Amino acid sequence: RRPDLAPPVGRAERQQFQRLLVWLVANVYPTFTFADYPERWASDAPEQLKKNVIEYRKSLYIWLNSQLTAEPYAFGEQLTLVDCYLCTMRTWGPGHEWFQDNAQNISAIADAVCQLPKLQEVLKRNEII
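full-length UniProt numbering numbers the first residue of the sequence shown as 1 and each following residue consecutively.
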């Protein structure tokens, strides 16, 4: 258990934290299932499905970016699990450069997480930095 990776119970940020955490799992994660294995879902047009899903994923990231402020983390000074997810997810498609150009809040939050000395070893080991 790591209660320190979530805003405290009773604070408004806690509801937004839980909402975004569920939103990421319910909306963004499934796009990888379809884009990574498009032939399972559209055997007659796998490349078109992959392209469409990747564009849809980008639209999800743009919406998510609009919900965030990098101060330096998603919920201010406190590092949360959402910040760690964003740092990891930035390494997946569409990649660092796209986030830097199109989702600056996500990119800035991920950069802030990458600067944390206590996470450097695990981030390097997982090729995130």
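Cβ atoms here follow ideal geometry from the backbone N, Cα and C, with glycine treated the same way.
Bear in mind that the values here come from a model prediction, so they are computed numbers and not experimental data.
- For Cys87, same chain residues with a beta-carbon under 7 Å away, outside a window of 5 residues either side, are Ala110, Val113, Cys114 and Ile128 in chain order.
- Of the other Cβ atoms in all chains shown, 16 or more fall within 10 Å of the Cβ of Asp83; this residue is therefore buried.
- In this structure, Phe17 places its C-beta atom within 7 Å of the C-beta atom of Ala6.
- Judged by beta-carbon spacing, Pro46 lies within the 7 Å limit of Glu39, meaning their Cβ atoms are closer than that value.
- Residue pairing by DSSP places Phe75 opposite Gln78 in a beta bridge.
- Secondary structure at Ala26: helix, using DSSP grouped into helix, strand and coil.
- Excluding five sequence positions before and after Arg14, the CB atoms of its chain that fall closer than 7 Å to its own CB belong to Ala6, Pro7 and Pro8, given in chain order.
- Sixteen is the threshold: since fewer than 16 other Cβ atoms of the shown chains lie within 10 Å of the Cβ of Thr33, the residue is exposed.
- Ranked by how close their Cα comes to the Cα of Val28, the residues Asp44, Arg125, Lys124 and Leu60 have Leu60 in first place.
- Around Ala74, the same chain offers Leu68, Val82, Asp83 and Ile109 as residues with beta carbons nearer than 6 Å, after the five sequence neighbours per side are excluded.
- A straight-line Cα-Cα distance of about 24 Å links Leu24 and Gln120.
- Taking the Cα positions, Ala42 is about 12 Å away from Lys51.
- Counted as a single uninterrupted DSSP element, the stretch harbouring Val9 is not any alpha helix (DSSP H), since DSSP gives it neither H nor E.
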